[in-house]
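Residues in the sequence shown are numbered consecutively from 285, following the numbering used here. C-beta atoms are modelled at their ideal positions from N, C-alpha and C, and glycine is treated no differently. To start, the structure under review is shown below, and the notes come after it.
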Amino acid sequence: MSVAEFHPIHGVLLLDKPLGLSSSQALQRVRRMLAAAKGGHTGALDPCATGMLPLCFGEATKLAGVLLGERKVYHAVCRLGQVTSTDDVEGVVIRECPLPSLDDASIDALLQEFVGRISQVPPIYSALKQQGQPLYRRARRGEAVRAPQRQVEVHALRLLQHHEDRLTLEVECGAGFYVRALARDLGERLGCGAHLAALRRLWVAPFQGQSMIGLDTLEQMLLRDGREALWARLRPIEDAVPHWPHWTLSAADSLAISHGRALAAPAAAAPGPCLLMDPGGRALAMAEVLEGQFKVSRGFHWGQGTG
285 MSVAEFHPIH
295 GVLLLDKPLG
305 LSSSQALQRV
315 RRMLAAAKGG
325 HTGALDPCAT
335 GMLPLCFGEA
345 TKLAGVLLGE
355 RKVYHAVCRL
365 GQVTSTDDVE
375 GVVIRECPLP
385 SLDDASIDAL
395 LQEFVGRISQ
405 VPPIYSALKQ
415 QGQPLYRRAR
425 RGEAVRAPQR
435 QVEVHALRLL
445 QHHEDRLTLE
455 VECGAGFYVR
465 ALARDLGERL
475 GCGAHLAALR
485 RLWVAPFQGQ
495 SMIGLDTLEQ
505 MLLRDGREAL
515 WARLRPIEDA
525 VPHWPHWTLS
535 AADSLAISHG
545 RALAAPAAAA
555 PGPCLLMDPG
565 GRALAMAEVL
575 EGQFKVSRGF
585 HWGQGTG
């Protein structure tokens, strides 16, 4: 597909990422199916993970950073008794330990110690950069690597099932949290080691309970119904920030904002982020109410695209 065949498509698609693909690979496959000129994802899922991956296209990519910081919920399966080089099933087993006698009450009590604002050391096989390079590249070269400890947020952690050497957990967390690191740390605390055997992301806020679409379904739709059917599955930009106040401006005020001029906010506008809409109901800009004015952070430029 040549550059000329791509279109300025705008909106958000909730992909059910399949097993075995990186988030970037999944994004590029969908981008080609949509023939979208620009696209980005909102927080990577490892190849061995599945589930919700919000993909942003066109002007919606300006909201990717907002979605990156939202809450996420996962179902995670931890295998006890084995430590791997990557803290998940893709690594090689570097240590095996016998399983201790465990009951659900003691496991649940331990899980609660990981809830709240906690310190976490990310896996060394991660995309975090150190000395200008991703950690996983340095680790693959055999360099001695240790990721810096950082603060992360765990909102809820529940034991769903305990069967022999497997723990199935539900994890609700904030940005920057590594479920692989949680599996590793749980194993250390239990004295037997552990790694992440399977991971599925159920939702990313604000898309709780909303349906995802798989790559196979998208491909079938493209062949059966054409590209316009895929464009119809895109969600508008405002769906990504439903909790932000939406302020509809007059034609004159919309023009002033698009020209970069300051604009007084209504007296009822509380300080904080908001979305400015034009008279036709289309998102005009991301802004913040500050000192009684709308301070634009990013404007949207739609051109002749779809979305």
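Three or more beta-carbon pairs drawn from the region 326-346 and the region 515-529 are found closer than 8 Å, and the two stretches are therefore classed as touching. As DSSP reads the structure, Leu547 sits in a beta bridge with Phe578.
The region 306-323 makes contact with the region 497-514: 3 or more CB pairs, one atom from each, lie closer than 8 Å.
For the pair Ala478 and Ala467, the CB atoms are nearer than the 8 Å cut-off.
The distance from the Cβ of Gly460 to that of Val436 is about 5 Å, consistent with a contact at the 8 Å cut-off. In this structure, Val463 keeps its C-beta atom at 8 Å or more from the C-beta atom of Ala328.
When the beta-carbon positions are compared, Glu572 and Pro557 come within less than 8 Å of each other.
Beta-bridge pairing by DSSP links Met570 to Leu559 and Arg582. Beyond the five residues adjoining it in sequence on each side, Val376 comes within less than 7 Å, by CB distance, of Thr368 and Ser369 in the same chain, given in chain order. Around the beta carbon of Asp388, a 10 Å sphere encloses fewer than 16 other beta carbons of the protein chains shown; the residue is thus reported as exposed. In this structure, DSSP gives Trp528 a state outside helix and strand, which the three-state scheme calls coil.
Note that the C-beta distance between Asp372 and Thr334 is not below 8 Å. Of the candidates Glu289, Ser385, Gln366 and Val438, Val438 places its Cα closest to the Cα of Val357. The beta carbons of Leu364 and Cys457 sit about 21 Å from each other, so the pair does not count as a contact at 8 Å.
In the displayed model, Met317 falls within a helix according to three-state DSSP. Taking the C-beta atoms as reference points, Gly323 is found nearer than 8 Å to Leu339. In the three-state reduction of the DSSP assignment, Lys346 falls in the helix class, which pools H, G and I.
In the structure shown, Glu437 adopts extended strand secondary structure according to DSSP, grouped into three states. Per the coordinates, the alpha-carbon of Leu539 lies some 20 Å from the alpha-carbon of Pro529. Counting only residues of its own chain and dropping the five nearest sequence neighbours on each side, Leu514 has a CB closer than 7 Å to the CB of Met317, Leu318, Leu502, Met505 and Leu506.
Per DSSP, Met505 is one residue of the alpha helix (DSSP H) stretching across Leu499 to Asp509.
Counted as a single uninterrupted DSSP element, the beta strand (DSSP E) harbouring Ile378 occupies residues Val377 to Glu380.
In the structure shown, Gln404 falls within a strand segment according to DSSP collapsed to helix, strand and coil. In its chain, beyond the 5 residues on either side, Thr532 have a beta carbon closer than 8 Å to the beta carbon of Gly565.
Taking C-beta separations shorter than 8 Å and ignoring five residues to either side along the sequence, the partners of Gly493 in its chain run Trp487, following chain order. Around the beta-carbon of Arg473, fewer than 16 other beta-carbon atoms lie within 10 Å, marking it exposed. Ala440 is a Cβ neighbour of Val399, given a cutoff of 8 Å.
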